[in-house]
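First comes the structure, then the notes that go with it.
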Amino acid sequence: MSLAFSCHRSEVGRIVSLLDRLENSVYMRRIWCGFQLFVASTHNIPVEVTLPHTASDELDMICCQGLDRIRAAINIDVAKAEATQPKDKENIKRSIRERSSFDAVNRKAIQALRNGL
Numbered sequence: 626m627s628l629a630f631s632c633h634r635s636e637v638g639r640i641v642s643l644l645d646r647l648e649n650s651v652y653m654r655r656i657w658c659g660f661q662l663f664v665a666s667t668h669n670i671p672v673e674v675t676l677p678h679t680a681s682d683e684l685d686m687i688c689c690q691g692l693d694r695i696r697a698a699i700n701i702d703v704a705k706a707e708a709t710q711p712k713d714k715e716n717i718k719r720s721i722r723e724r725s726s727f728d729a730v731n732r733k734a735i736q737a738l739r740n741g742l
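With our numbering, the residue at position 81 of the sequence shown is 706, and numbering never jumps.
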């Protein structure tokens, strides 16, 4: 998994993360998305976060509540994340276990998202 993504990282100028909302986003519950953010953060690939116009009220509300609230809204747990294909989920989790840890992937992925906002 990492190898397939990493082979092309020198060609990638940036990653665009398309979130449906900021808090409890479908994007943040997908294992491939969390893993992609981890790889981007590890290799200093900039991440740009895009939210739909419908999320602007949510973003304003969260931002008005301060930094701690923003940090709490951006949460990723790759150990609990899902994938459309069970095999993809297994492969990504195996890759994480072999090369890192779920906590490390979560931290890097969250850092990438925060930097992209």
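We treat Cβ as the ideally placed atom computed from N, Cα and C, and that holds for glycine.
Going by CA-CA distance only, name the one from Asn649, Val641 and Thr667 that's closest to Ile766.
-> Limits of the chain in this structure are 626 at one end and 742 at the other, which puts residue 766 out of reach.
Go through its chain and collect everything with a Cβ distance to Gly741's Cβ below 7 Å, but skip five positions before and after it.
-> By 1-based counting over the sequence shown, the position of residue 741 is 116. Closer than 7 Å at the Cβ level, and outside the excluded window around Gly741, lie Ser642, Val672, Glu673 and Val674.
Classify Glu648 as helix, strand or coil using the three-state DSSP reduction.
-> Here residue 648 corresponds to residue number 23 of the sequence shown, with the count starting at 1. It is coil, neither helix nor strand.
What's the call for Val637, buried or exposed, on a 16-neighbour Cβ count within 10 Å?
-> The residue given as residue 637 occupies position 12 in the sequence shown. Looking at its Cβ environment, which holds fewer than 16 other Cβ atoms inside 10 Å, Val637 is exposed.
Sheet register partners of Glu673 (DSSP bridge) = Within the sequence shown, numbered from 1, the residue matching residue 673 stands at position 48. DSSP lists Val641 as partners of Glu673.
Cα separation between His678 and Ala706?
-> Residue mapping note: residue 678 aligns to position 53 of the sequence shown, counting from 1. Residue mapping note: residue 706 aligns to position 81 of the sequence shown, counting from 1. Cα-Cα distance, rounded: 26 Å.
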